[in-house]
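Asker: Numbering follows my numbering, with no gaps: position 538 of the sequence shown is 538.
All residues carry an ideal CB built from backbone N, CA and C; glycine is no exception.
A quick note: this is a predicted structure, and the numbers were derived from the prediction, not measured.
Take a look at the following structure, please.
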Amino acid sequence: MRSHRAALRAGVSLAATLPLLTGALALGIPAHAADNPGRDGLAGTKPAWATAKADRGAASDGAKVAVRVYLAGRDATGLAAYAKAVSDPGSASYGKYLSAKQTQARFGATKAQVAAVKSWLTASGLKVTDVTQHYVAVTGDVAAAEKAFGTQLHNYTKGAKTYRAPTTTASVPDAVQGAVLTVTGLDNAPHLASHQDRLPPPETVFRNAGPFSTYHGSNVAATLPDAYGTKIPYAVKGYTGKQLRAAYGAGKRTGKGVRIAITDAYASPTIAFDAATYAKRNGDATWKTGQLRQVLPAKYTRTEECGAAGWYGEETLDVEAVHAVAPGTQVTYVGAASCYDEDLLDSLSKIVDNHLADLVSNSWGETEAAQTPDLAAAYDQVFQFGAVEGIGFYYSSGDDGDEVASSGTKQVDIPASSAWVTAVGGTSLAVGKGDKYLWETGWGTEKAVLSADGKSWTDFPGAFTSGAGGGTSKTVAEPYWQKGVVPDALAKANSADGNRVVPDIAAIADPNTGFLVGQTQTLPDGTTQAYDEYRIGGTSLAAPVIAAVQALAQEARGGKPLGFANPAIYARYGSKAYHDVTDNPTGSGLAVARLDFVNGYDATGGLSTSVRTLGKDSSLSAVKGYDDVTGVGTPAGGYVESYRR
């Protein structure tokens with residue numbers, strides 16, 4: 001999924017900490033603070049890293065602060081309850097979605113709530129800079145923020161740097177208690193996401209070296225050493241839409257009439273040309289006029305900090321993968337002004353507020369340890385609004401397995417761990433001659449290189465390099481739709497009461513069995529640009545593939561939106577709708593051979609030859625039944641048509 005890690009991203013899921021999201025505290029609504037009479041605390045607004053040991057003293061009264069006060073709306077408890085009811089196939093309200101206008105009228109903030117929040121903030125000395133359906137944004141100095149939120153702001157060390165944060169949980173006056181969901185921005189640590197692909201961002205051209213297979217096993221590496229007692233095939237050049245559609249049972253469905261949105265930061269300036277060129281070269285349906293559109297902010301910010309150009313490849317992958325699998329869908333790319341949570345939230349809100357799509361594919365995130373509950377509440381509220389409208393959100397589960405190798409701590413990724421999104425895990429996929437589905441393993445790769453004499457693999461099978469994210473959340477309670485499906489050994493790994501386990505479903509992700517992508521890239525001379533193609537993988541491939549398969553299922557359902565799909569996905573568990581993916585389906589060990597350009601572009605810097613063992617995902621395992629690499633499995637031939645009405 002990610003090609004480089006951004007700093008820290010805070011993200012998802014205070015509201016998801018209870019399966020039904022009932023009760024004031026679970027929803028992020030202020031709860032009474034006995035030690036602060038006349039005020040009510042906003043749970044989760046003091047970050048965990050703001051400890052007494054890390055405290056470096058009071059922040060300057062004149063230092064500038066920019067915060068957002070997120071609005072609870074008319075009926076926060078009712079919003080969560082209705083979102084659950086319309087998403088549950090066993091509910092009488094299943095599929096009875098509201099329009100965006102109806103949703104806002106029933107659950108959105110009232111004019112009186114907005115006025116009360118604005119009055120309180122301005123009376124505290126803060127300046128209102130923006131008002132939306134979801135929040136009131138203000139700026140001011142530390143002294144005014146401390147007055148408004150009933151806490152002191154101190155400087156704290158976090159790693160090698162120092163950031164500002166509240167010394168205690170922020171609070172609001174009783175007069176606005178029912179109007180405020182949470183506040184973000186009181187701490188100024190970076191809250192940003194990283195895009196999640198498994199190759200260097202193609203700011204300069206990236207190419208795969210051959211030889212290749214055109215389908216799994218078509219080109220055997222006869223001159224290279226054996227692995228697992230046999231000659232192994234070269235990695236595929238990159239699967240195309242025709243092969244993926246066959247693998248996941250698309251049949252004649254195209255997703256006609258279904259709308260998919262994609263969110264990332266920034267926007268590729270060549271996306272229309274690249275998508276059209278790719279479709280023509282690789283046998284996909286021609287894009288129709290207006291079938292691909294972009295909804296972009298007025299301006300971009302933090303372009304250097306976020307590595308703006310690195311996000312272009314993410315958008316390209318997502319757009320081309322969706323169209324390859326569901327060529328009849330309307331695709332809307334909604335770009336964020338930056339990779340910061342506040343801007344990514346704005347992109348998601350645009351989709352919900354204007355009902356721009358039925359399904360939303362998202363290929364960005366961070367580790368759960370990087371989350372803060374204030375932003376979690378804001379994210380989950382948007383996801384709940386989407387569920388009420390019949391909009392489903394799909395998030396890649398991560399590309400570093402259990403995250404131990406990358407972060408030192410076993411954990412899941414966010415926003416994938418939210419109880420209001422579909423987390424998409426990853427597999428290694430073998431498609432054979434005639435586009436026949438052969439097998440899948442859970443995506444997890446070990447790499448060993450060719451010895452100097454060319455007669456063996458050094459330290460075979462080698463070290464772990466990457467794998468699908470998954471595991472058990474430490475903060476999100478077990479949702480009702482996972483009970484009875486997810487084994488207790490996983491669900492109760494962190495709590496006797498049970499927690500959310502990731503992922504929910506899976507699709508192709510392994511870059512060794514990856515997808516061919518076409519993009520305009522800068523050549524090594526630094527001045528020339530040209531269209532080129534390369535193989536890519538990661539759960540940022542799996543997410544748009546599953547979103548596209550869901551579009552096919554929605555078409556089969558007569559166009560009726562699937563909404564928040566997890567209850568329906570788990571209701572099909574154990575049926576022929578899924579491939580039950582395991583790590584070693586052949587029983588003999590699986591591997592592919594790869595030759596790579598050392599410089600990433602051509603042979604002038606030499607070649608590196610390696611063997612990639614499949615199905616070895618850190619401490620995670622794909623086993624029979626539900627598992628923390630592939631969830632309930634991958635879509636089989638009967639999945640799409642199981643939704644037919």
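1. Take the Cβ of I29 as the centre, count every other Cβ of all protein chains shown within 10 Å, and call the residue buried at 16 or more, exposed below.
2. Quick check: what's the CA-CA separation for A463 versus G398?
3. Return the bridge partner residues of D55 from the DSSP annotation.
4. Within a Cβ cutoff of 8 Å, which residues of the same chain sit near Q316, ignoring the five residues on either side of it in sequence?
5. For H195, which beta-bridge partners are listed by DSSP?
6. Using the Cα positions of S621 and N362, report the straight-line distance between them to the nearest angstrom.
7. Any idea what DSSP makes of A26, helix, strand or coil?
8. If you count every other CB in all the chains shown that lies within 10 Å of the CB of K46, and 16 or more means buried, which is it?
9. Looking at the strands, I want to know which residues DSSP matches up with S466.
10. Could you tell me whether the Cβ atoms of G444 and D583 are closer together than 9 Å?
11. Since N499 is in the beta strand (DSSP E), which residue starts that stretch and which ends it?
12. Short check: CB of I536 to CB of G425, under 9 Å?
13. In whole angstroms, what is the alpha-carbon distance linking L27 and A81?
14. Per DSSP, what kind of secondary structure is A66 in: helix, strand or coil?
15. Going by other Cβ atoms of all chains shown within 10 Å of its Cβ, with 16 needed for buried, is A160 buried or exposed?
16. From the DSSP output, which residues share a beta bridge with Y163?
17. Compute the Euclidean distance between the alpha carbons of R245 and L181, then round it to the nearest angstrom.
18. Distance check for V632 and R644, CA to CA, integer angstroms please.
19. If you drop the 5 nearest sequence neighbours on each side, which residues of the same chain put their C-beta closer than 7 Å to that of G606?
20. From K231 to T609, what does the alpha carbon distance come to, in whole angstroms?
21. Mark T427 as exposed unless 16 or more other C-beta atoms lie within 10 angstroms of its C-beta, in which case mark it buried.
22. Could you pull out every unbroken alpha helix (DSSP H) segment of at least 4 residues lying fully inside the segment 200 to 264, listed in chain order?
23. Mapping DSSP to helix, strand and coil, what is L21?
24. Taking the alpha carbon of K474 as the reference point, which residue from K447, P487, V502 has its own alpha carbon closest?
25. Look up L429 in the DSSP assignment and give the residues it is bridged to.
26. Starting from S396, follow its DSSP beta bridges and name the residues at the other end.
27. Would DSSP call V632 helix, strand or coil?
Answerer: Well, looking at it:
1. Below a pLDDT of 50, predicted positions are generally treated as unreliable, and I29, at 38, falls in that range; the measurement from the model is reported next regardless. The residue is buried, with at least 16 neighbouring Cβ atoms inside 10 Å.
2. Distance between the alpha carbons of A463 and G398: 19 Å.
3. In the DSSP assignment, the residues bridged to D55 are Y156.
4. In the sequence under discussion, the amino acid at residue 316 is Thr, which differs from the Gln named in the question. The answer, listed in chain order, is S268, I271, D274, A275, V517, G518, Q519.
5. In the DSSP output, where bridge partners are listed per residue, H195 has W364.
6. C-alpha separation (whole angstroms): 24 Å.
7. Low confidence applies here, because A26 scores a pLDDT of 35, under 50, leaving its location unreliable; read the following figure in that light. The answer is coil: DSSP assigns A26 none of H, G, I, E or B.
8. K46 should be labelled buried.
9. S466 pairs with T445.
10. Between G444 and D583, the gap from beta carbon to beta carbon is short of 9 Å.
11. First-last of the beta strand (DSSP E) with N499: 499 to 502.
12. Taking 9 Å as the cut-off, the Cβ atoms of I536 and G425 do not count as close.
13. Note that L27 scores 37 on pLDDT, short of 50, meaning its location in the model is unreliable and no value can be drawn from it.
14. Collapsing the DSSP output to three states places A66 in a strand.
15. By the neighbour-count rule (16 or more Cβ atoms within 10 Å), A160 is not buried but exposed.
16. Per DSSP, Y156.
17. Their backbone Cα atoms lie some 42 Å apart in a straight line.
18. Cα to Cα, the separation comes out at about 20 Å.
19. Within its own chain, the residues whose Cβ lies closer than 7 Å to the Cβ of G606, once the five positions on either side in sequence are excluded, are V598, listed in chain order.
20. Between K231 and T609, the alpha-carbon positions lie close to 15 Å from each other.
21. Under this definition T427 is a buried residue.
22. DSSP runs (the alpha helix (DSSP H)) wholly in the segment 200 to 264: 241 to 247.
23. For L21, the predicted model reports a pLDDT of 33, less than 50, meaning its position is unreliable and no value from the coordinates is stated.
24. Considering only alpha carbons, the answer is V502.
25. BP columns for L429 point to E440.
26. DSSP, once it has assigned bridges, lists V424 as partnering S396.
27. V632: coil per DSSP, three-state reduction.
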